[in-house]
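S.K.: Each residue of the sequence shown is one higher than the last, beginning at 2 in this note's numbering. Cβ atoms here follow ideal geometry from the backbone N, Cα and C, with glycine treated the same way. For reference, the structure I am asking about is given below.
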Amino acid sequence: MQYSRKQQIVINRVISLFTDVKISTEAWGFYLFDQEFEKEQELRNRLGLIWISSLFDLIATETTAIAKHRKDAVDLGLKHIDEYCNQAEHLIELLKDIIEKFSVTEQLFILNLRNQYVHSYLVGRHNDSITIKFLENRKIVKRAMDHQEYHDMLLPLFEAGNLDETVQNIICRIDHQNDKFFKFLAELQQRNQELHSSINNGQQFTFITLRT
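So, in structure tokens, the structure goes:
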């Protein structure tokens, strides 16, 4: 099918709702489960933190993006896109299942370490208050928090003992054998070309693992 430039942009963005998490997991997440890295726990922990944080970022940004793409598709007459957006919403719920394995404090701890390892400079380090984000009751919560209160909240985890052991005890809750997200990922890896072909040809496509 031939699409206008604006239509193709929307289609490509909807595809990315599924493929972004595939790219992130293939880049970082597999280190958590590949047996070759059994003896590389420090590396596994740090890459695991990056991956978990990327899932959090996807939840925080793509929930809003889905609504925008749905509206843009309606405006541009792309009737088949609505069901893809529905499935993207189901995918976000699978990501929430993973993040909700961690308490609010643990989520902030994970994001804090990710920012230290990746960005070095922490936004808000020198401010009196810090803007924090976390998942609670299936919703992303964003609010300002007193600088000292924030650090007092995280301090017990940083001082619990060996940092790598603390991180390992947190991220080991992810179960790649049973968590539904990994069943979706396996299906996406097998059917990625079919997804692209279907959406670009105006056809419906259903992920078996995203059926409600």
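Helix, strand or coil, according to DSSP, for Asp147 in the structure here?
M.R.: The count along the sequence shown starts at 1 and reaches residue 147 at position 146. Strand.
S.K.: Leaving out five residues before and five after Ile12 in sequence, what residues of the same chain have Cβ atoms less than 8 angstroms from its Cβ?
M.R.: Locating residue 12 in the sequence shown gives position 11, counting from the first residue. The residues are Tyr4, Leu79, Ile82, Ile200 and Asn201.
S.K.: Quick one, are the C-beta atoms of Phe182 and Leu95 less than 8 angstroms apart?
M.R.: The residue labelled residue 182 in the question sits at position 181 within the sequence shown. The residue labelled residue 95 in the question sits at position 94 within the sequence shown. Yes; because the gap between Cβ atoms is below 8 angstroms, this pair is in contact.
S.K.: Below 8 angstroms, how does it come out for the region 10-25 and the region 91-107: are there three or more Cβ pairs, yes or no?
M.R.: Cβ pair count under 8 angstroms is three or more, so yes.
S.K.: Taking C-beta to C-beta, are Phe57 and Gln108 nearer than 8 angstroms?
M.R.: To locate residue 57, count along the sequence shown from 1; it is residue 56. To locate residue 108, count along the sequence shown from 1; it is residue 107. Yes, Cβ-Cβ distance for Phe57 and Gln108 is below 8 angstroms.
S.K.: Report the partner residues of Glu137 according to the DSSP bridge assignment.
M.R.: Within the sequence shown, the letter at position 136 stands for residue 137. In DSSP, Glu137 forms a bridge with Lys140.
S.K.: Apart from the five residues on each side of it in sequence, which residues of its chain come closer than 8 angstroms, Cβ to Cβ, to Asn179?
M.R.: Working through the sequence shown from its first residue, we reach residue 179 at position 178. If we look at Asn179 and ignore the five residues flanking it on each side, it has no Cβ neighbours.
S.K.: So, Ile51 versus Ile175, is the Cβ gap smaller than 8 angstroms?
M.R.: Position 50 of the sequence shown, counting from 1, holds the residue named residue 51. Position 174 of the sequence shown, counting from 1, holds the residue named residue 175. In this structure, Ile175 does not lie closer than 8 angstroms to Ile51 by Cβ.
S.K.: Per DSSP, which residues does Thr132 bridge with? Please list them.
M.R.: Residue numbering aside, residue 132 sits at position 131 when the sequence shown is read from its first letter. Note: Thr132 sits in a beta bridge opposite Ala145.
S.K.: Looking at Tyr118 and Arg47, is the spacing between their C-beta atoms short of 8 angstroms?
M.R.: One-based indexing of the sequence shown puts residue 47 at position 46. One-based indexing of the sequence shown puts residue 118 at position 117. Cβ distance < 8 angstroms, so Arg47 and Tyr118 count as in contact.
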